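Just below is one structure, and these are the notes that go with it.
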Amino acid sequence: MLAALAFSCQKEDLACTDCSESNIAISARNHNSEDATDLYISTNTGGTIGIVDVTDINNVGERFIDVVNTDGDGIFYDQPSNVMYQVDRSNNRVNAYAATTTLPNGAAVSPSMMSTSDFNNGREMAVKGNFIVVAEDAAPGNGNMNRFYVYQNTGSSISLVKTFNATINLWGLTFVGNNLYAVEDNSSNLAIYNNFLSNSDGSTLTPSVKLTISGIVRTHGIDYNAENDVLTLTDVGDAGSSTDGAIHVITNFTSSKLGFAMRTARYSGGAFTATIPMSQQVRLSGSNTFLGNPVDVDYNYETGEIFVAERANGGGRVLAFNFPSGSGNPTPIYNQTFAGASAVHLNVYNVY
């Protein structure tokens, strides 16, 4: 009954598709030689966006484009429309940039579309179809309010269509089917909002489900990969430390771990609450990792590589790790300084 109430239990919503425990190992899909991968990188300390060809992690190609804002966060490339979106914290809006795949290194670009200035202290974004969701984290400049701003790309403009108040502190976001997964800042919790976009404008949203991710001190970044059913989260630990960060990887998340947790869920404060124990996760941390404040993460299921925006260590880095077989203190397979690294997004595409 709990699962039925908390989720739609429909496979297309990637909710409780199988409530049995599983220990199936995850490995990289056989890489298609016709596929290429670009990594998009935001910074919150300069007017630059990085676009790195990471098709071959041992032979990357780096491009940097100059943009209008000097403080950026959430970033997303929409391949069907060939448009890149970025949260512009300098001007409190969403900027869209067209045809970034063909821009040369050092190009100075202006937005092809811009939203109105609505949020203050915007963080991550999540995109579903032509809808763009921005997380606003509580700060004095916004009256210490947490909100979701929902925009729609009409093809000629980016228009604000809905605003929701949130009852938790916000940071990272990602869509899983019709549900929005949002990390709760200043906690180890993951909030799930079922059928997120169907809520009425102006609503105050309480999570349908709140999961405590054991072992995390303060979560920020989130990525879900449907092809391999892998949930990846970051732990920034103490924000003042540049050495205590971690990555948490949970395999078979919607097919097993989520349903398993819901067997013991409790209803409290308008949401079902449950815990994912450390025994069902893999944690990467330690002196070899260069993880201090990992603020965002993205997983490439094609190659089995996890990419991280690390904000504190060395003033900012982009790191990559091989998909882990167990918890440990691995050395990154890619480690590049990138001042103010605040967000990453992978785009895998066919070159033919």
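Taking the numbering used here, the leading residue of the sequence shown gets 2, the next gets one more, and so forth. No residue lacks a Cβ here, since even glycine has one placed at the ideal position from N, Cα and C. Remember, it's a predicted structure, so these values are computed and weren't measured experimentally.
| Asked | Found |
| --- | --- |
| Decide if Ile-25 is buried, meaning its Cβ has at least 16 other Cβ atoms within 10 Å, or exposed. | The predicted position of Ile-25 is uncertain, since its pLDDT is 35 and thus under 50; no value can be drawn from it. |
| Can you give me the start and stop residues for the beta strand (DSSP E) that Gly-222 sits inside? | 220-226 |
| DSSP three-state call for Gly-216: helix, strand or coil? | coil |
| If I follow the unbroken alpha helix (DSSP H) through Met-263, where does it start and stop? | 259-263 |
| Going along the chain, which residues of its own chain have a beta-carbon closer than 6 Å to the beta-carbon of Lys-129, five neighbours each way excluded? | Phe-176 |
| Would the region 271-278 and the region 245-263 be scored as touching if the rule is three or more Cβ pairs under 8 Å? | yes |
| For Ile-66, count the other beta carbons within 10 Å of its own beta carbon; 16 or more makes it buried, fewer makes it exposed. Which is it? | buried |
| Among the residues of its own chain, which have a CB less than 6 Å from the CB of Asn-154, if the five just before and after it don't count? | Asn-131 |
| Below 8 Å on the Cβ atoms is my guess for Ala-340 versus Thr-56; work out the distance and round it to an integer in Å. | Rounded, the Cβ-Cβ distance is 24 Å, inconsistent with contact. |
| Which one of Gly-47, Ile-52, Asn-60 and Val-61 has the shortest CA to CA distance from Thr-71? | Gly-47 |
| Return the Cβ separation of Tyr-346 and Phe-77 in integer angstroms, given the expectation that the two are a contact with Cβ distance under 8 Å. | The sequence as given places His at residue 346; Tyr does not occur at that position. Indeed they touch by this definition, with Cβ atoms about 5 Å apart. |
| Could you pull out every residue in the same chain whose Cβ sits closer than 7 Å to the Cβ of Asn-200, ignoring the five residues on either side in sequence? | Phe-165 and Leu-206 |
| For Asn-190 and Asn-179, which I take to be in contact (beta-carbon distance under 8 Å), what is that distance rounded to the nearest angstrom? | Actually they do not touch by this definition, with Cβ atoms about 21 Å apart. |
| Rounded to the nearest angstrom, what separates Gly-315 and Val-110 at their Cα positions? | 28 Å |
| Measure from the alpha carbon of Asp-336 to the alpha carbon of each residue in Asp-36, Phe-120, Thr-290 and Ala-240, then state which is nearest. | Here residue 336 is Asn; the residue named in the question, Asp, does not match the sequence. Checking every option, the nearest Cα to that of Asn-336 belongs to Thr-290. |
| With 16 as the cutoff for other CB atoms within 10 Å, does Gln-281 come out buried or exposed? | buried |
| Going straight from the alpha carbon of Thr-252 to that of Ala-227, what length do you get? | 11 Å |
| Which residues in the same chain as Asn-106 place their Cβ atom closer than 7 Å to its Cβ, once the five residues preceding and following it in sequence are excluded? | Arg-64 and Phe-65 |
| Can the beta-carbon of Asp-74 be found less than 8 Å from the beta-carbon of Ser-243? | no |
| Let me know if Gly-51 comes out buried or exposed under the rule of 16 or more other beta-carbons within 10 Å of its beta-carbon. | buried |
| Which whole runs of the alpha helix (DSSP H) in the region 254-309 are 4 residues long or more, in chain order? | 259-263 |
| Sorted by chain position, which residues of the same chain lie with C-beta nearer than 6 Å to Asp-297's C-beta, five sequence neighbours on each side aside? | Gly-222, Ala-310, Ala-344 and Val-345 |
| Once the 5 residues before and after Ser-23 are set aside, which same chain residues still bring their CB inside 7 Å of it? | Only weak support is given to the placement of Ser-23: the predicted model assigns it a pLDDT of 35, under 50, and the value that follows is read from those uncertain coordinates. So the qualifying residues of the chain are Asn-253, Ser-256 and Ser-257. |
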